[in-house]
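Asks:
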Amino acid sequence: MAYVAITDTPIDVTELYHKLVDPKFGGIVTFVGIVREWTDAIQTKSITYTAYQEMAVKQMAQMAAKVEATGSRVVMVHRIGHLELTEAAVFIGVAAPHRKAAFQQCEALIDELKQTVPIWKEEFDADKTRWGGLEDAAN
Amino acid sequence: MLQIKLFAYLQEMLAADEISVAVTEKTLTAAQIKQLIAQAYPKIASYLPNTRLAVDQVFINDAQTIDLTARHEFALIPPVSGG
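If you read the sequences in order, they're chains A and B.
The first sequence begins at 1474 in the working numbering and counts up one residue at a time.
The second sequence begins at 0 in the working numbering and counts up one residue at a time.
(1) Of all Cβ atoms in chain A, is any one closer than 9 Å to the Cβ of B:S19?
(2) Can you say whether B:A69 is buried or exposed, counting buried as having 16 or more other CB atoms within 10 angstroms of its CB?
(3) Chain A beta carbons: is any one of them nearer than 9 Å to that of B:Q56?
(4) Can you list, in chain order, the residues of its chain whose CB lies under 7 Å from that of B:Q2, leaving out five sequence neighbours each side?
(5) Thinking A:M1528 and A:V1477 are a contact (beta carbons under 8 Å), I'd like their distance in whole angstroms, please.
(6) Give me the chain B residues within the contact set of A:E1607, using Cβ-Cβ distance strictly less than 9 Å, ordered along the chain.
(7) Would you say B:L75 and B:T50 are within 9 Å of each other, going by their C-beta atoms?
(8) What separation, rounded to the nearest whole angstrom, lies between the Cα atoms of A:A1538 and B:L9?
(9) Compute the Euclidean distance between the alpha carbons of B:V54 and A:A1575, then round it to the nearest angstrom.
(10) Mind checking B:A15: buried by the 16 CB within 10 Å criterion, or exposed?
(11) For A:A1602, list the residues DSSP reports as bridge partners.
(12) Show which residues of chain A have a CB atom less than 9 Å away from the CB atom of B:A53.
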């Protein structure tokens, strides 16, 4: 059974990793997205994440269920609230009998999450504040 | 009257986490609902083409028709940026 959550407390990578450990699985792939300082010339100081929580959890659960139907196990957690540099924003873990599926499914899950799950970042950069996803001269 | 949830910069721009628009029709497409929102809230009108409508927490295409005689949860979903 997948473990899916939106949390306002720090992501405990070790604890989430242990949810994937099982004698059935020979390969575990985890992805942790963290708050990065530099994006080209833009210096980020911190990020606030917000979410349409009920919809986000529902979507993540559907994505995880599709992957679990192949026999893998999925853990997906996204943090909300104010995050400093190097804090974990998202954890995606896939355990599968063999590594190939685990790698592919983990990458597909983070790609899909970034494209469709209703979570937004507001970046506090050195020069100004920017909303993620907003292509606007004023942003 | 439709209540529509707002998120991210749309919420900030209107300083509200929910807006409402008056409707008399029994059905409308998502595009028509967005048009009503644009008329009632011109401040966010230029952001709506990139914004998706979610009905009962599911994304709806602009051409899809929504039965307004039933109660739904509406939300405007600007481009997402999680991860």
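Just so you know, even glycine gets a beta-carbon here, dropped at the ideal spot from N, CA and C.
Replies: Taking the coordinates as given:
(1) Output row for B:S19: interface = no.
(2) exposed
(3) With 9 Å as the cut-off, B:Q56 counts as an interface residue toward chain A.
(4) Within the same chain, and ignoring the five residues on either side of B:Q2 in sequence, the residues whose Cβ sits closer than 7 Å to its Cβ are E17, S19, F73.
(5) Between A:V1477 and A:M1528 the Cβ distance is about 13 Å, and since that is not below 8 Å, they are no contact.
(6) Checking the sequence, you will find Leu at residue 1607 of chain A rather than Glu. Under the 9 Å cutoff, chain B gives A7, Y8, Y46, N49, P77, P78, S80.
(7) yes
(8) 31 Å
(9) Here the C-alpha atom of B:V54 lies approximately 33 Å from the C-alpha atom of A:A1575.
(10) exposed
(11) It should be noted that the sequence gives Thr, not Ala, for residue 1602 of chain A. DSSP lists A:F1597 as partners of A:T1602.
(12) Those are Y1525, M1528, P1591, listed as they occur along chain A.
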